[in-house]
Amino acid sequence: MFGDWFYSVPPVTRFYIIASVATTAAVSTSIVTPLQLYLNFSLVAKGEVSAVELPSPKSRRSKATPQIGRKQSISFFFCSRIHQIWRLVTTFFYFGDFKIDFFFHMFFLYAACF
């Protein structure tokens, strides 16, 4: 019964419904936050600096050298920019928590496909 209805929906709408339910489930279970999904052009275009720090042996550190933060003590060669391209599509998959508003969005999405 459910399978017949599910496969009667066009493939693009089916994918959109599945992606919306999966994204909302991921936010509801705290796998991701809504702040990681919203569209922010500066994070997509410029990216975010991701720093990788190589551990140094304690014997090389002198006691006179103050301990500085992780992001400040990295080498230039180990910096890379991560462009958050997923924000271009995930912003359209999240409709809020599993409340009545979410189910209305899914119903109207289904109704608009025919």
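Numbering-wise (the numbering used here), the sequence shown opens with residue 404 and increments by one. Virtual Cβ for every residue (Gly too), placed ideally from N, Cα, C. The structure displayed is predicted, hence computed values, not measured ones.
In the three-state reduction of the DSSP assignment, isoleucine 485 falls in the strand class.
Annotated as proximal: tyrosine 513 and valine 412, with beta-carbon spacing under 8 Å. Rounded to whole angstroms, the gap between the alpha carbons of proline 437 and alanine 422 is 15 Å. Taking 8 Å as the cut-off, the beta carbon of serine 445 is found no closer than this to the beta carbon of phenylalanine 501. At least 8 Å separates the beta-carbon of methionine 509 from that of isoleucine 434.
If the five residues before and after isoleucine 503 are omitted, its C-beta is found closer than 8 Å to no C-beta atom of its own chain. Put simply, of Phe517, Ala429 and Ile485 the residue whose alpha carbon is nearest the alpha carbon of tyrosine 497 is Ala429. Leucine 440 and alanine 448 have their C-alpha atoms spaced approximately 15 Å apart.
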